[in-house]
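When the count follows numbering that gives the first Met the number 0, it moves up by one through the sequence shown with no breaks and lands on 241 for the last residue.
The structure appears below as structure tokens.
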Amino acid sequence: MTLGLQETRSRRRRQRRWTLVKWILILAALGAAGAFAYETGSQLARIEVVRLEEELDALQSDLSKVEKEKRDLRVELQETQDELQTWQQRYREEVPSGDPAKLLGLVRERLNDGLSADRLAFVVSKASENTECDAGPATRRFIVQTPLSTGAGQAVAFADGTITVSAEGASATDAQGRAEAWYDPDQPVTVRFTLLGGETDSVEGSLPIHHSIVRDGKEHRFSIIAGKRAFVEVTWERCAYP
């Protein structure tokens, strides 16, 4: 009996030791697994940190490049604006406008016609507001021809009949938009100056129109303004040239 009881107690002690050993092994395995997981996680975290740092460095490098490009573009834009202002200033100084442009056009036209530059320079140098006029001023009126107008009185003559002036214009319209027989003074008109022998000089524009014709060493000056309905008034005078 005593021997059996001792055997039972021995077996129970072995079982407790074995159970303890198993728990120790289990805890050791869990600790090893935890340590492995922690180390693996730490390595992954370090790898991710390195990747993010490299990505941040790349982004900062790209940002620096963009900032440099922006600065370069600002400099280029400023240089372009400065160059544009320089050319605009040169254009204003060197390219005529208004009356000088009109005069330049006339000079080119006369040069193309074969007139010498010396002659043009002489005429310009002798030009004056205080010119001597030996005939006129004389004012006459006539009816401006339109697509609907007919009849006489559509031309007048000056300088002993050597220069005839006539004109054409667009028809005026009524409130309903229907064309009238007389011209519209607010629309451009075409004025023709017919010289003795058939030569014609035409001018087109809005009234008033000022024009001159040089003939036989004299300047014939004409001013055409709107008159009463259907009419224009022409004032002529003959002056020394140049």
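Every residue gets a Cβ at the ideal spot worked out from N, C-alpha and C, and that includes glycine.
| Whose C-alpha, out of A158, E203, D133, L147, is nearest the C-alpha of A166? | E203
| Relative to the alpha-carbon of V188, which residue among L114, Q144, T39, R139 has its alpha-carbon at the smallest distance? | Q144
| Should F35 go down as buried or exposed, given a rule of 16 or more other Cβ atoms within 10 Å for buried? | exposed
| said: Looking at the secondary structure, which residues open and close the beta strand (DSSP E) in which K101 lies? | reply: It is not in any beta strand (DSSP E) - K101 instead sits in the alpha helix (DSSP H) that spans 98 to 111.
| query | Going by DSSP, which residues form a beta bridge with Q144? | reply | The secondary-structure analysis by DSSP pairs Q144 across a beta bridge with E167.
| query | With distances taken between CB atoms, is the gap from I142 to Q153 smaller than 8 Å? | reply | yes
| query | Relative to the C-alpha of G279, which residue among R214, R140, T234 is closest? | reply | Because residue 279 is not part of the residues shown, which for the chain are 0 to 241, the question remains open.
| query | Can the beta-carbon of D133 be found closer than 8 Å to that of R214? | reply | Taking 8 Å as the cut-off, the beta carbon of D133 is found no closer than this to the beta carbon of R214.
| task | Report buried or exposed for W235, applying the criterion of at least 16 other Cβ atoms within 10 angstroms of its Cβ. | result | buried
| said: In whole angstroms, give me the CA-to-CA distance for E179 and F192. | reply: Distance between the alpha carbons of E179 and F192 is about 26 Å.
| request: Flag this pair as yes or no: are the beta carbons of A239 and T130 separated by less than 8 Å? | output: yes
| Does the Cβ of H219 have 16 or more other Cβ atoms within 10 Å, making it buried, or fewer, making it exposed? | A residue is called buried once 16 or more other Cβ atoms fall within 10 Å of its Cβ, and H219 is buried on that count.
| request: Give, in chain order, every unbroken run of the beta strand (DSSP E) that is at least 3 residues long and sits entirely within the segment 163 to 241. | output: 170 to 172, 178 to 182, 188 to 194, 199 to 204, 208 to 214, 217 to 225, 230 to 239
| request: Indicate whether Q186 and A158 have their beta-carbon atoms separated by less than 8 Å. | output: no
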